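The structure appears below as structure tokens.
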Amino acid sequence: MGGRPFDRRVLARDAVEVAPRLLGSLLTHRTTEGSVTVRLTEVEAYRGDGQDPGSHAFRGMTPRNAVMFDEPGHLYAYFTYGMHTCVNVVCSPAGSASAVLLRAGEVVSGVELARERRTSARNDRDLARGPARLTVALGLTLADNGSDPFAAPFELTARSGQPAISSGPRVGVSGAGGGAAYPWRFWVTDDPTVSIYRRHRAASD
DNA sequence: TATCTGATTTCCT
DNA sequence: GGAAATCAGATAG
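Numbering of the first sequence is given in my numbering, commencing with residue 1 and proceeding in unit increments.
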């Protein structure tokens with residue numbers, strides 16, 4: 001790796017500020033099988049202060065999203081669509097419940113292990129191209145909900161340079177939370193591993 | 001190559 | 001009981 005650790009204090013800010021700073025960072029997860037490292041290329045910010053209808057925390061704390069209300073720097077893993085697990089990094093001070101959804105990344109280390117976990121991926125580019133795929137590639141499950149990405153078996157490394165960043169409407173957020181009113185999706189400009197699911201399922205009216 | 005639809009569990013109302 | 005921060009496979013062009 002060679003990089004320095006990601007500054008945990010950055011996560012005390014609002015998710016909308018944290019999200020672009022996470023782009024390009026390296027997230028490593030070690031298991032008995034080995035370790036996989038992903039360079040984050042796409043993220044989404046979710047606010048939990050009641051201003052964001054797309055957030056799981058919009059209606060207040062529930063057993064599922066309780067981790068979002070915890071201190072910054074935890075992982076929030078949730079299950080959706082009956083078969084997929086997605087992972088967020090919790091931001092902002094305890095009580096405000098904002099988080100950054102990790103939407104896509106590039107596997108930069110442990111590629112072979114990631115391939116075993118993602119047998120349906122046709123090429124290495126698809127290994128972590130999408131929120132649920134990224135979760136699988138890293139070997140994360142619901143059991144990792146509440147984990148600390150700054151402690152073993154995790155490692156969060158700051159990016160070395162300043163990537164070109166684009167932003168736009170969030171994906172997959174239905175109802176009032178979608179659309180141009182909340183341009184809180186951030187990605188590394190022109191990166192091939194940015195997810196492609198943004199065509200159909202446009203914000204319904 | 002681009003677009004569309006079914007799958008399937010968890011949590012919340 | 002229904003919706004959900006999605007994915008992979010099938011079908012059409």
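We treat Cβ as the ideally placed atom computed from N, Cα and C, and that holds for glycine.
Nothing here was measured: the structure is a model prediction, and the numbers come from that model.
key: R64 versus Y78: straight-line alpha-carbon distance, rounded   = The residue labelled residue 64 in the question sits at position 64 within the first sequence. The residue labelled residue 78 in the question sits at position 78 within the first sequence. About 7 Å.
request  = Would you mind stating whether R170 and R185 have Cβ atoms separated by less than 8 Å?
outcome  = Within the first sequence, residue 170 is the residue found at index 170, counting from 1. Within the first sequence, residue 185 is the residue found at index 185, counting from 1. Going by C-beta atoms, R170 is nearer than 8 Å to R185.
query = Distance, Cα to Cα, G130 vs V38?
reply = Position 130 of the first sequence, counted from the first residue, corresponds to residue 130. Position 38 of the first sequence, counted from the first residue, corresponds to residue 38. Rounded to the nearest angstrom, the two C-alpha atoms are 12 Å apart.
task = Go ahead and pull the three-state DSSP assignment for E116.
result = One-based indexing of the first sequence puts residue 116 at position 116. Helix at E116.
key: Buried/exposed call for L142, threshold 16 Cβ in 10 Å   = The sequence position of residue 142 within the first sequence is 142, counting from 1. When all chains shown are included, L142 counts as exposed.
message = Any heavy atom of the ligand FMN inside 7 Å of the beta-carbon of A19?
response = As far as ligands go, the structure on display features none, and thus does not contain the ligand FMN.
ask   = When you compare each of Y76, T80, V43 and R13 to L22 by their alpha carbons, which one comes out closest?
value = On the first sequence, residue 22 is found 22 positions in, with the first residue counted as 1. Ranking the options by Cα distance to L22, first place goes to V43.
ask   = Can you tell me whether S98 is buried or exposed, with buried defined as 16 or more other CB within 10 angstroms of its CB?
value = Taking the first residue of the first sequence as position 1, residue 98 is located at position 98. S98 should be labelled buried.
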